[in-house]
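Asks: Here it is, the structure, as structure tokens.
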Amino acid sequence: MGLLLGLDLGTEGARVGAFTEDGTALGSVHRPYATSFPRAGWAEQDPEAWWAAVVDAARTLLATDACRAAGPVLAVASATTASTVAVLDADGRPLRPAILWMDSRASAQAARTAGLADRHPVLAWSGGSDASEWLLPKAVWLKEHEPATWARAARVVEAIDYLTFRLTGRWVGSQMNAVCKYNYDGLRGAFPVGLYADLGVADLVERLPDQILPVGSVAGPLTAEAAAAFGTAPGAPVVVGGIDAHVSLLSCGASDDVVSLVSGTSSAIIAEVDEPTETTEIWGPYPHALRTTKWLVEGGQVTSGSVLTWAAENIMGVARTDLSTLVEEASRVEAGAHGLLALDTFMGNRTPYRDARLRGAVVGLTLGTTRAELYRASVEAVACGTKGVVDSFERAGVACGRLVFSGGIEKNRLWQQVTVDVLGREVEVVDGDNLTLRACAVIGAAGAGLVSGLDEGAAAYAPRTRTLTPDPARHALYRQTYADYVGLMQALTPLMHASVDRLAAR
């Protein structure tokens, strides 16, 4: 008897959850940390704040009666935001703030990768180029713009790598992050040293984790230092996790045609396929990123829930505790009757446009525009962005038989229903569960030998869901809204590019 501990390092804070051996949730604790935005398009966090939040949350959770009664910690598994890059000295101490996933400062460096696709076939697994979010373009930017920091840096790693180091004292990387975010060759088990050299960072390899292991592998035992901080015994296996949204596939239940849509601050849309598919609209197919028998494909929105937060909290001054009132007001606004059209690309577009220089927009404003109308238009923009990704999956031949929604969208009924109406198809919404933490339980169980592998764990730990259906009349209206959304994106793209380039040149 014992418990499985899951650590979820998100954009706004760390959440730690505990599960019994049969997958019953024992509770979770969240602790926030701050994000700074020092320049337009930049976003940074303090890695030490991540660890402090994880320790506080874990210690609080493990002290509860439910966790004490469950027994010792049998395994620890983690998942974090991807492409959040920590720059550290030889002892793992930060040399500068971590560059957050949504940070788009490395767009010029990412653009260079497109010109190297013919020389480096590994780029075919990312659709022919890297995104500005990813570790490799950010590393190139760091070496070019902060050479002194680069020279001092012993490690340039993903957030998941940093967390694993704090838990085990070992530099072990997740194969998922390595394949998806710094072009590791999952078929050969090798770093693309030639690609790194052509981008001027041949010395990046020595700054990455010493060992890359598949999801579900044991990175090492929980150290005495980490265990003392958590208030538990040392020695439990620390199992290699991965990207928060990507591992969510493991907690959607066993299915060959499932697409996981994790919508919170951003939205990640993830699926696995048996054979690679060629597309330049989505990321992947990544070999052996999650399950070593599958290829993983990835799409998403850089900003989704964060757009709604901007509209409600930043622009309208609505406190988060009063958000339900605004959502109710916006729910009473008729679709197609407010005259507004918005774009959700506040920090660029992840897919299908793959353009870091796009920005947000709202057109149709009048002096009579209400806050409810503006909020509804923002929700509709985010829903249109989601449709763009799902459509790109289907164009690439990815089976989208089951769509499973989770994350912050689960708390916003308007966001859920508008998305379903824009898509025009049924979706399943996870009912009161955190799929990332549940996936960590699956991963921990596999690493501890409680299940035979990730597939058995996925089947055993499936969550409860409820089904939402679209309204045919609203879907008919939203077909025009989506067409207008695409047209506005095309019309404004040259202006947005010019504006971003002028700011970058200052």
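Sequential numbering from 1 applies to the sequence shown in UniProt numbering.
Just so it is clear, CB atoms sit at the ideal spot from N, CA and C, and this is done for glycine as well.
Thinking C-beta only, is V156 closer than 9 Å to L135?
Replies: For the purposes of this step, residue 135 is identified with residue 135 of the sequence shown, where counting begins at 1. For the purposes of this step, residue 156 is identified with residue 156 of the sequence shown, where counting begins at 1. Contact: yes.
Asks: Could you please give me the residues that DSSP links to N349 through a beta bridge?
Replies: Taking the first residue of the sequence shown as position 1, residue 349 is located at position 349. Note: N349 sits in a beta bridge opposite D355.
Asks: Pull the bridge partners of R466 from the DSSP assignment, please.
Replies: By 1-based counting over the sequence shown, the position of residue 466 is 466. DSSP, once it has assigned bridges, lists V429 as partnering R466.
Asks: So, helix, strand or coil for residue 546, using DSSP?
Replies: Outside the shown range of the chain (1 to 506) lies residue 546, about which nothing can therefore be said.
Asks: Starting from residue 556, trace the alpha helix (DSSP H) both ways and give me its first and last residue.
Replies: Residue 556 cannot be examined here, being either before or after the span of the chain that is shown, 1 to 506.
Asks: Leaving out the 5 sequence neighbours to the left and right, which residues in its chain are closer than 7 Å to K143 when beta-carbon positions are compared?
Replies: To locate residue 143, count along the sequence shown from 1; it is residue 143. Taking C-beta separations shorter than 7 Å and ignoring five residues to either side along the sequence, the partners of K143 in its chain run W150, G200 and V201, following chain order.
Asks: Run the CB neighbour count on Q45, radius 10 Å, all protein chains shown included, and call it buried at 16 or more, exposed below.
Replies: For the purposes of this step, residue 45 is taken as residue 45 along the sequence shown, with counting starting at 1. Label assigned to Q45: buried.
Asks: Rounded to whole angstroms, what is the Cα-Cα separation between A106 and V390?
Replies: The residue labelled residue 106 in the question sits at position 106 within the sequence shown. The residue labelled residue 390 in the question sits at position 390 within the sequence shown. Rounded to the nearest angstrom, the two C-alpha atoms are 26 Å apart.
Asks: Around the C-beta of F37, are 16 or more other C-beta atoms found within 10 angstroms, so that it is buried, or is it exposed?
Replies: Numbered from 1 along the sequence shown, position 37 holds the residue referred to as residue 37. So F37 ends up on the exposed side.
Asks: Flag this pair as yes or no: are the beta carbons of S304 and G264 separated by less than 9 Å?
Replies: Stepping through the sequence shown from its first residue, residue 304 is reached at position 304. Stepping through the sequence shown from its first residue, residue 264 is reached at position 264. For S304 and G264, yes; Cβs fall inside 9 Å.
Asks: Rounded to whole angstroms, how far is the Cβ of D433 from the Cβ of R464, which I believe are closer than 8 Å?
Replies: For the purposes of this step, residue 433 is taken as the residue at position 433 of the sequence shown. For the purposes of this step, residue 464 is taken as the residue at position 464 of the sequence shown. Between D433 and R464, the beta carbon gap of about 7 Å places them in contact (Cβ cut-off 8 Å).
Asks: Can you tell me which of the three DSSP states I409 falls into?
Replies: Taking the sequence shown and counting its residues from 1, one reaches residue 409 at position 409. In the structure shown, I409 sits in a helix (DSSP, three-state: H, G or I).
Asks: Counting beta carbon pairs with one atom in the segment 439 to 451 and one in the segment 28 to 36, are three or more of them shorter than 8 Å?
Replies: Counting C-beta pairs closer than 8 Å gives fewer than three between the segment 28 to 36 and the segment 439 to 451, which falls short of the contact rule.
Asks: Helix, strand or coil, according to DSSP, for W101 in the structure here?
Replies: As a working note, residue 101 is residue 101 in the sequence shown. Coil at W101, not helix or strand.
Asks: When DSSP labels each residue in this structure, what does T20 get in the three-state scheme?
Replies: Counting from 1 along the sequence shown, the entry for residue 20 is found at position 20. DSSP places T20 in strand when its eight states are reduced to three.
Asks: Any idea if Q416 is buried or exposed, counting beta-carbon neighbours within 10 angstroms, 16 or more meaning buried?
Replies: As a working mapping, residue 416 is identified with position 416 in the sequence shown. Answer is buried; the Cβ neighbour count reaches 16.
Asks: If you drop the 5 nearest sequence neighbours on each side, which residues of the same chain put their C-beta closer than 6 Å to that of R474?
Replies: Translated into positions along the sequence shown, residue 474 becomes position 474. So the list reads A335 and D421, once near-sequence residues are dropped.
Asks: Thinking C-beta only, is W125 closer than 9 Å to N177?
Replies: Looking up residue 177 in the sequence shown gives position 177. Looking up residue 125 in the sequence shown gives position 125. Not in contact: N177 and W125 (Cβ atoms no closer than 9 Å).
Asks: Taking the C-alpha atoms as reference points, what is the distance between G23 and S78?
Replies: Here residue 23 refers to the residue found at position 23 of the sequence shown. Here residue 78 refers to the residue found at position 78 of the sequence shown. Near 16 Å, if we compare the C-alpha coordinates of S78 and G23.
Asks: Rounded to whole angstroms, what is the Cα-Cα separation between F405 and S267?
Replies: Your numbering for residue 405 matches position 405 in the sequence shown. Your numbering for residue 267 matches position 267 in the sequence shown. Each residue's alpha carbon lies about 10 Å from the other.
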